[in-house]
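Start counting the sequence shown at 1294; every next residue gets the next number (the numbering used here). In what follows, a single structure is set out as structure tokens and then discussed.
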Amino acid sequence: MEYFITVEPGVRVFVQDLNPTGNKTILFIHGWPLSHKQFEYQFDILPSLGVRCIGMDWRGFGNSDKPFTGYSLDRLSDDIRVVIETLKLQNITLAGHSAGGALAIRYLARHQSFGVSKLVLIDAQSPGSVPQQDANRFIAGTLSDRPQMLAGLTDSFFFKYITEPFSNWFFQIGLQAAGWSTAAVMVTLRDENVRNDLGKINVPTLIINGVHDKVVPFPNAQETNKLIRNSYLVPFQYSGHVPFLDERDNFNQTLMQFIQ
């Protein structure tokens, strides 16, 4: 099932909902500057294992509407709240990747874990901000040559070899976003962080991080692990920033074990 949910007047976010009768539900929150399509190799497999897989595109990204404003962590996490309320979701696992991990953390802290019983952080942008120099480079690249910036991201995200067609597929996901939203979210990731939210998380939390991640280094995940009660960290030895693609079978198995 695919549909749009209005999160505020004039702004709709796109939702893909596979296997609505599944006995477990995972709401996937994608990373910057991607969309729910990044989780294709979870959506291919997990529904056959009894999981309801829901992917939402942030405003400004993927198939969602692309307003010029509304890209703070608070507003983006409020969009998640509207989706959870609209779909009447309860006792779900919220799984966030990279910047989507920061959004998931902010959601749990800001909305008192409404509807969520477990959290999965995948190479999450936590606990600090994106370093200013890196963020400014991404912003400048977005506003001057966004395709080239995206091509560089693809090179830095993966640890394992990927084919040129696969690289092109990943690149096209990033192109679906608007330039203004791509830049605006990176400004947010530079100027905001979730450090003060981590102590408010009160649900079991799985932290997955690629050992070879060049975007969110593994020590960041170790620090996040120390700051979230009832969390445990699983290093992915053969992954960069995208373990759900670098080690998709291992990732899917680890995720299934956690949500049981």
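Glycine included, each C-beta is placed from N, C-alpha and C at the ideal position. Nothing here was measured: the structure is a model prediction, and the numbers come from that model.
Give a yes or no on whether the C-beta atoms belonging to Leu1443 and Gly1467 are separated by under 8 Å. As a first step, residue 1443 is located in the sequence shown; it is residue number 150 there, counting from the start. As a first step, residue 1467 is located in the sequence shown; it is residue number 174 there, counting from the start. Annotated as proximal: Leu1443 and Gly1467, with beta-carbon spacing under 8 Å.
Is the CB-CB distance between Lys1411 and Thr1379 below 8 Å? Within the sequence shown, numbered from 1, the residue matching residue 1411 stands at position 118. Within the sequence shown, numbered from 1, the residue matching residue 1379 stands at position 86. No, Cβ-Cβ distance for Lys1411 and Thr1379 is not below 8 Å.
Mapping DSSP to helix, strand and coil, what is Asn1489? Numbered from 1 along the sequence shown, position 196 holds the residue referred to as residue 1489. Helix, per DSSP.
Excluding five sequence neighbours on each side, which residues of the same chain lie with their C-beta closer than 6 Å to the C-beta of Arg1541? One-based indexing of the sequence shown puts residue 1541 at position 248. Only Tyr1334 meet the Cβ criterion.
Taking the alpha carbon of Leu1446 as the point to measure from, which residue in Val1344, Met1294, Trp1473, Gly1533 has its own alpha carbon closest? Taking the first residue of the sequence shown as 1, we reach residue 1446 at position 153. The residue with the shortest Cα to Cα distance from Leu1446 is Gly1533.
How would you write the range of the alpha helix (DSSP H) that Leu1339 sits in, first residue to last? Locating residue 1339 in the sequence shown gives position 46, counting from the first residue. Here Leu1339 belongs to no alpha helix (DSSP H), and DSSP marks it neither H nor E.
Limits of the unbroken beta strand (DSSP E) element including Lys1519: Your numbering for residue 1519 matches position 226 in the sequence shown. No beta strand (DSSP E) holds Lys1519; the alpha helix (DSSP H) holding it covers 1511 to 1520.
Hey, Phe1354 and Gln1469 are a contact pair by Cβ (cut 8 Å); roughly how many whole angstroms apart? Along the sequence shown, read from residue 1 onward, the residue named residue 1354 stands at position 61. Along the sequence shown, read from residue 1 onward, the residue named residue 1469 stands at position 176. The beta-carbon distance between Phe1354 and Gln1469, rounded to whole angstroms, is 7 Å. This is short enough to meet the 8 Å contact definition.
If you draw a straight line from the C-alpha of Thr1547 to the C-alpha of Pro1528, how long is it? Counting from one through the sequence shown, the residue named residue 1547 turns up at place 254. Counting from one through the sequence shown, the residue named residue 1528 turns up at place 235. The alpha-carbon atoms of Thr1547 and Pro1528 are separated by roughly 11 Å.
Sorted by chain position, which residues of the same chain lie with C-beta nearer than 7 Å to Gly1421's C-beta, five sequence neighbours on each side aside? Locating residue 1421 in the sequence shown gives position 128, where the first residue counts as 1. Taken in chain order, the residues that qualify are Asn1486, Arg1488.
Which residue comes first and which comes last in the alpha helix (DSSP H) that contains Ala1402? One-based indexing of the sequence shown puts residue 1402 at position 109. That run of the alpha helix (DSSP H) goes 1392 to 1403.
Which complete beta strand (DSSP E) runs does the segment 1461 to 1487 hold, if anything under 3 residues is left out? Taking only runs of at least 3 residues, no beta strand (DSSP E) segment lies wholly in the segment 1461 to 1487.
Among Leu1320, Glu1516, Leu1499, Leu1491, whose alpha-carbon lies nearest the alpha-carbon of Asp1350? Your numbering for residue 1350 matches position 57 in the sequence shown. That would be Leu1320, whose Cα lies nearest to the Cα of Asp1350.
Alpha-carbon to alpha-carbon, Val1496 and Tyr1531: What you label residue 1531 is simply residue 238 of the sequence shown in a count that begins at 1. What you label residue 1496 is simply residue 203 of the sequence shown in a count that begins at 1. Looking at the two C-alpha atoms, the distance is approximately 28 Å.
With DSSP as the reference, identify every bridge partner of Gly1503, one or two as the case may be. Sequence index remark: in the sequence shown, residue 1503 carries index 210 (1-based). Answer by DSSP bridge pairing, in chain order: Phe1529.
Under the three-state DSSP convention, the category Glu1540 falls into: Numbered from its first residue, the sequence shown carries residue 1540 at position 247. Coil at Glu1540, not helix or strand.
Thinking C-beta only, is Arg1439 closer than 8 Å to Asp1358? Looking up residue 1358 in the sequence shown gives position 65. Looking up residue 1439 in the sequence shown gives position 146. It is not a contact, given that the beta carbons lie outside the stated cut-off.
Would you call Ser1449 buried or exposed, if buried means 16 or more other Cβ atoms sit within 10 Å of its Cβ? As a position in the sequence shown, residue 1449 is number 156, starting the count at 1. Exposed, since its Cβ has fewer than 16 Cβ neighbours within 10 Å.
Under the rule that 16 or more other beta-carbon atoms within 10 Å means buried, what is Thr1517, buried or exposed? Numbered from 1 along the sequence shown, position 224 holds the residue referred to as residue 1517. The residue is buried, with at least 16 neighbouring Cβ atoms inside 10 Å.
From the DSSP output, read off the bridge partner residues of Gly1389. Sequence index remark: in the sequence shown, residue 1389 carries index 96 (1-based). Partner(s): Ile1322, Leu1414.
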